[in-house]
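In what follows, a structure is listed as C-alpha cells, so that the remarks can point back to it.
Number of protein chains: 2
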Amino acid sequence: MEKVDVFELIERMAALIRSEERKKCTELGLQPVHLQVLDYLSRCNRYSDTPAAVTNYLGMTRGTVSQTLLLLVKKGFIKKTPDANDRRMVHLELLPEGESILKQARPSELFNQASSILKEIDFSSHEEVFVKALSALQKANRSQSFGLCKTCKYFMNTPEGYRCGLTKGPLSQSDSEKICQEHAVS
Amino acid sequence: MEKVDVFELIERMAALIRSEERKKCTELGLQPVHLQVLDYLSRCNRYSDTPAAVTNYLGMTRGTVSQTLLLLVKKGFIKKTPDANDRRMVHLELLPEGESILKQARPSELFNQASSILKEIDFSSHEEVFVKALSALQKANRSQSFGLCKTCKYFMNTPEGYRCGLTKGPLSQSDSEKICQEHAVS
DNA sequence: TTGCCCCGTATCGAATCGATACCATAATAA
DNA sequence: TTATTATGGTATCGATTCGATACGGGGCAA
Numbered sequence: 002m003e004k005v006d007v008f009e010l011i012e013r014m015a016a017l018i019r020s021e022e023r024k025k026c027t028e029l030g031l032q033p034v035h036l037q038v039l040d041y042l043s044r045c046n047r048y049s050d051t052p053a054a055v056t057n058y059l060g061m062t063r064g065t066v067s068q069t070l071l072l073l074v075k076k077g078f079i080k081k082t083p084d085a086n087d088r089r090m091v092h093l094e095l096l097p098e099g100e101s102i103l104k105q106a107r108p109s110e111l112f113n114q115a116s117s118i119l120k121e122i123d124f125s126s127h128e129e130v131f132v133k134a135l136s137a138l139q140k141a142n143r144s145q146s147f148g149l150c151k152t153c154k155y156f157m158n159t160p161e162g163y164r165c166g167l168t169k170g171p172l173s174q175s176d177s178e179k180i181c182q183e184h185a186v187s
Numbered sequence: 002m003e004k005v006d007v008f009e010l011i012e013r014m015a016a017l018i019r020s021e022e023r024k025k026c027t028e029l030g031l032q033p034v035h036l037q038v039l040d041y042l043s044r045c046n047r048y049s050d051t052p053a054a055v056t057n058y059l060g061m062t063r064g065t066v067s068q069t070l071l072l073l074v075k076k077g078f079i080k081k082t083p084d085a086n087d088r089r090m091v092h093l094e095l096l097p098e099g100e101s102i103l104k105q106a107r108p109s110e111l112f113n114q115a116s117s118i119l120k121e122i123d124f125s126s127h128e129e130v131f132v133k134a135l136s137a138l139q140k141a142n143r144s145q146s147f148g149l150c151k152t153c154k155y156f157m158n159t160p161e162g163y164r165c166g167l168t169k170g171p172l173s174q175s176d177s178e179k180i181c182q183e184h185a186v187s
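First to last, the sequence lines map onto chains A and B. For the first sequence, the numbering used here gives the first residue as 2, with consecutive numbering after it. For the second sequence, the numbering used here gives the first residue as 2, with consecutive numbering after it.
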C-alpha cells in the first residue's frame, strides 16, 4: 500500500460514479441529493430512519432535509409514520416507487461492464486490484469518451517526446497523465 | 469476484466520501458541484480545459456550467483565457486559490486514518481488499457515529436472536446489516 | 456570400438550500 | 405539580442554483 494511494484511486472512482449518477438524475428529474436520501433510506434500520438521522448522515440542515422529504413524499417515493412512543419523532420508509427509482438511477450497466472487464484480469498485488478496477470503470465509461491521455489510442511516444496523433500536438509528461475529452480506446 | 460485488463496495465508499465532501463544502460555502468542477480542472489537459468539456464530463447544461464558472472566476478560483486559434473557445485554468480550496475540501484526514487502518490488515483474497477498504473507511469515519449495526459494540448475539445492547430491542437479520446512527466501535 | 453548426453567454422561472423562527413533545429541575 | 430546558420536526424567506430558451459571434463548407 505504499506506491499507489488506494484511497486516491477510490476517490477517482467515486468521481466517475458521481458524474454518471448526475446524468441519471437529470433524466429522472431529480437532484443528486434526493437520490442520496433514497439510498440512505434503503440502508437504515428503525433506529436511523428519521429526518434527524438523514440530517446527520448527509450533513445538511434540518430545514433542507425537511423540504427534501416533503418533496419525496409528494412524489410518492417515501412514507412518513409517527413514532408510537415518542410523538416528536417520525419514521421514514422507502416505498416501492422509491426503490424502483433507486434501481433505475444506479449506474448498473456501467458496473456490469466494468465487472466483466475486471474479471478477465490477473492481479499480481493487492494495490493492483484498485488500479485495475479504476481502469475497468474508465473503459466501461468510454462511451462518454473521457479518459487519461496516455491510455488513448492516439497517444504516441516518439523520439522527440510524447505526441497526440489526433491533433499532432506535443504533449508534456503532465499532459499525458490528465483527462482528455477525445480519449479513445483501441 | 463472484461472492461480493466489488463495484457495490465501491459505490458504498463513494457514498461515504460524498457525504464527507458535502460537509466540507458547506463549511467552505460552496456547492458540491463547484468542487467537482475544480477537481476536474485539476486533472484535464489543454484539450479538455473548456466549458464544453466540463459540460460533457459533469452532465450539466451549458448554461449552468457557464454560471458556475462565472462564480468560480468571481471567487478567484479559476481563470479564463481565450483560445489563440479558435476564438469561440475559452480555456480554463485552476488558480492557486482554487488548488488550495480543493486541497482543503479533500477528506484527507479520513483517507489517512483509513489508510493506516488498512495497512495493518492481511488479505487472503483480492475481493477482501475492497471489503476491508470499506470497513477501514467506516472505521475512520466513526467520529460521525454511523455504521453497520452488526459491527457496533452494542450488538449482541443472544440465544433468542440478535439484540441491541443500547436500546435492548431485538434485531432481525436485516436490521443487523443496516446503518445505525448510534453505531459505536469498541 | 450564404447557410449551418458549434461554443459560449444572458435571461427568466422553477426549484433547491440554509438561516431563522416557530411549535409540539419529552426530559429534567424546582 | 409547574417551570425550564432540550429535542425533533416544520414553515417561511431570501439567496443561489439549475435548466430551458434565445441569442451572438466565430468557424466551416458549398
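All C-beta atoms, glycine included, are put in the ideal place defined by N, C-alpha and C.
Next on the checklist: Can you find the residues in the same chain that come closer than 8 Å, C-beta to C-beta, to residue 122 of chain B, ignoring five residues on each side of it along the sequence?
Outcome noted: 133 and 137
Next on the checklist: Spatial neighbours of residue 42 of chain A within its chain, please: C-beta separation below 8 Å, excluding the five flanking residues on both sides.
Outcome noted: 50, 55, 79, 93, 94, 95 and 99
Checklist entry - CA-CA distance, residue 233 of chain A and residue 102 of chain B? => result This structure cannot speak to residue 233 of chain A, because chain A is shown only from 2 to 187.
Item to check | CB contact flag (residue 25 of chain B, residue 106 of chain B, <8 Å) | outcome: yes
Checklist entry - Between the stretch 35–49 of chain B and chain A, which residues of the former have a C-beta closer than 8 Å to a C-beta of the latter? => result 37, 40, 41, 44, 45, 46, 47, 48 and 49
Checklist entry - Does the stretch 31–39 of chain A touch the stretch 68–75 of chain A, meaning 3 or more C-beta pairs lie closer than 8 Å? => result yes
Checklist entry - By Cβ distance below 8 Å, which residues in the same chain neighbour residue 52 of chain A in space, the five residues on each side in sequence not counted? => result 63, 66, 67, 70, 91 and 93
Next on the checklist: Is residue 163 of chain B close to chain A? Criterion is C-beta to C-beta, closer than 8 Å.
Outcome noted: no
Checklist entry - Between the Cα of residue 13 of chain B and the Cα atoms of A:117, A:160, A:108 and A:120, which residue gives the shortest distance? => result A:108
Next on the checklist: Suppose only complete runs of 4+ residues qualify. What are the alpha helix (DSSP H) ranges in the stretch 86–120 of chain B, listed by chain order?
Outcome noted: 97–106 and 109–120
Checklist entry - Can you list the residues of chain B that residue 8 of chain A reaches, using a CB-CB cut of under 7 Å? => result 112, 115 and 116
Checklist entry - When DSSP labels each residue in this structure, what does residue 48 of chain A get in the three-state scheme? => result coil
Checklist entry - residue 33 of chain A lies in the alpha helix (DSSP H); which residues open and close that run? => result 33–42
Checklist entry - With distances taken from CA atoms, which of B:58, B:83, B:87 and B:111 is nearest residue 22 of chain B? => result B:111
Checklist entry - Roughly how many angstroms lie between the CA atoms of residue 77 of chain B and residue 114 of chain B, to the nearest whole one? => result 32 Å
Item to check | Euclidean distance between Cα positions of residue 75 of chain B and residue 82 of chain B | outcome: 14 Å
Item to check | Proximity winner among B:160, B:16, B:29 and B:159, relative to residue 59 of chain A (alpha-carbon distances) | outcome: B:16
Next on the checklist: Checking 8 Å against the spacing of the C-beta atoms, do residue 193 of chain A and residue 11 of chain B come in under that value?
Outcome noted: Examination of residue 193 of chain A is not possible in this model, given that chain A is present from 2 through 187 alone.
Checklist entry - What does residue 134 of chain B touch in chain A if you count any residue whose Cβ is under 9 Å from its own? => result 7, 8, 11 and 131
Next on the checklist: I'd like to know if residue 60 of chain A contacts chain B, where contact means its C-beta is closer than 8 Å to some C-beta of that chain.
Outcome noted: yes
Item to check | Cβ shell of residue 34 of chain B (< 8 Å), same chain only, five flanking positions each side left out | outcome: 59, 61 and 69
Next on the checklist: If you reduce the DSSP assignment to three classes, tell me which class residue 82 of chain B lands in.
Outcome noted: strand
Checklist entry - Given that a residue counts as buried once 16 or more other Cβ atoms are within 10 Å of its Cβ, and exposed if not, what is residue 29 of chain B? => result exposed
Next on the checklist: In this structure, how does DSSP classify residue 62 of chain A when only helix, strand and coil are distinguished?
Outcome noted: coil
Next on the checklist: Beta-carbon within less than 7 Å of residue 18 of chain A's beta-carbon, same chain only, minus the 5 sequence neighbours each way: which residues are those?
Outcome noted: 108
Next on the checklist: Given this structure, state the Cα-to-Cα distance separating residue 27 of chain B from residue 87 of chain B, to the nearest angstrom.
Outcome noted: 38 Å
Checklist entry - Which partner residues does residue 172 of chain B have in the DSSP bridge list? => result B:163
Checklist entry - If you draw a straight line from the C-alpha of residue 9 of chain B to the C-alpha of residue 116 of chain A, how long is it? => result 10 Å
Next on the checklist: 8 Å is my cut-off, CB to CB: does residue 102 of chain A come that close to chain B?
Outcome noted: no
Checklist entry - Does the beta carbon of residue 27 of chain B come closer than 8 Å to any beta carbon on chain A? => result yes
Next on the checklist: Is there a Cβ of chain A sitting closer than 8 Å to that of residue 24 of chain B, yes or no?
Outcome noted: yes
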